[in-house]
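In what follows, a structure is listed as structure tokens, so that the remarks can point back to it.
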Amino acid sequence: MDIYQDYTNYMREFRPLIHQMEATNSPILISFKDVILVNDHICKLVERGEQVEQELVDIFEMGFGFLTNTLEDLKVYYNDYFKKNVLELNHYAPLILYHIYLDDFKWHLVNKEEMTEERSKVIDRIESEIDSILVNRGTFSQALIDSYEEELRNIMPFRDDFHAVYTVFSMIAEELNIF
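Here is the structure:
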């Protein structure tokens with residue numbers, strides 16, 4: 006079995022949840038819909054036996070890794086935290102999206118070797134607070150997310166070039182003309 010078949014099998018497991026999210030216009034979809042679009046496109050190229058450039062292989066691998074992390078977290082939220090209630094999942098979309106963003110930002114800092122102890126502590130604390138709100142189905146407001154954003158700005162490296170994975174894949178989808 007190759008990575009493309011692994012991806013197809015993996016996504017088959019998550020399609021029902023994704024369809025429920027689509028049916029309710031879940032805001033969470035923005036974090037991964039273009040990643041799926043691009044990876045599905047690359048998979049189809051492989052299935053048709055077309056030559057796939059190394060750049061697309063690398064993009065596919067990055068997308069698959071991102072989807073694995075994101076969809077596994079969503080599965081926990083959906084099944085365990087919100088007892089398969091997609092509307093409740095959607096209610097907490099701002100926090101879930103911010104958590105996805107934080108995970109992405111954390112890996113960006115690690116890969117650029119810019120993760121400091123201070124940055125790690127701030128990000129871990131924010132993720133822990135978000136998890137606590139989600140687990141307990143607590144209240145939250147946009148002001149809370151804004152305060153988290155302010156904390157991140159205060160610890161960000163100067164002239165940081167971070168772009169969230171979903172933003173990058175949106176640009177890739179546009180470049181491949183598959184949107």
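Following the numbering used here, the numbering of the sequence shown begins with 6 at its first residue and continues without gaps.
Virtual Cβ for every residue (Gly too), placed ideally from N, Cα, C.
With V51 and V57 assumed to form a contact (beta carbons below 8 Å), what rounded beta-carbon distance in angstroms separates them?
Contact holds; Cβ gap of about 6 Å.
With burial defined as no fewer than 16 other Cβ atoms inside 10 Å of the residue's Cβ, what is the status of N30: buried or exposed?
N30 should be labelled exposed.
Look at Q128 and Y153 and say whether their C-beta atoms are less than 7 Å apart.
What sits at residue 128 in the sequence shown is Ile, not Gln. No, the pair does not count as a contact, with Cβ atoms beyond the cut-off.
Considering L101, what are the terminal residues of the alpha helix (DSSP H) in which it resides?
First, the residue type needs correcting, since residue 101 is Ile and not Leu in the sequence shown. I101 -> alpha helix (DSSP H) spans A98 to N116.
Could you tell me the alpha carbon to alpha carbon distance between Q10 and D45, rounded to whole angstroms?
Straight-line Cα distance between these residues: approximately 11 Å.
Leaving out five residues before and five after F145 in sequence, what residues of the same chain have Cβ atoms less than 7 Å from its Cβ?
Result list for F145: L100 and I138, in chain order.
Which residue's Cα is closest to the Cα of Y171: F19, P32 and Y12?
With distances taken between Cα atoms, Y171 lies closest to P32.
Starting from V170, trace the alpha helix (DSSP H) both ways and give me its first and last residue.
Element bounds for V170: V170 to E180.
Quick check on the DSSP output: what are the complete alpha helix (DSSP H) runs of length 4 or more inside the stretch 59–95, in order along the chain?
For the stretch 59–95, whole alpha helix (DSSP H) runs of length 4 or above, ordered along the chain, are 59–81.
Short check: CB of R124 to CB of I160, under 7 Å?
Taking 7 Å as the Cβ cut-off, R124 and I160 qualify as a contacting pair.
Nearest to R20 by alpha carbon, out of D7, E60, M67 and L72?
When only C-alpha atoms are compared, the closest one is L72.
Less than 7 Å between the C-beta atoms of L92 and Y82, yes or no?
No.
R1 lies in the alpha helix (DSSP H); which residues open and close that run?
Outside the shown range of the chain, which is 6 to 184, sits residue 1, and nothing can be said about it.
Taking the alpha carbon of I47 as the point to measure from, which residue in K126, A98, Y12 and D85 has its own alpha carbon closest?
Per the Cα distances, Y12.
Classify D39: buried if its beta carbon has 16 or more other beta carbons within 10 angstroms, exposed otherwise.
D39 should be labelled buried.
Using a Cβ-Cβ cut-off of 7 Å (strictly less than) and excluding sequence neighbours within five positions of A169, which residues of its own chain qualify?
Excluding positions up to five away in sequence, the list reads Y106 and D109.
Report the rounded CA-to-CA distance for E77 versus L22, giving the unit in angstroms.
Taking the straight line joining both Cα atoms gives about 11 Å.
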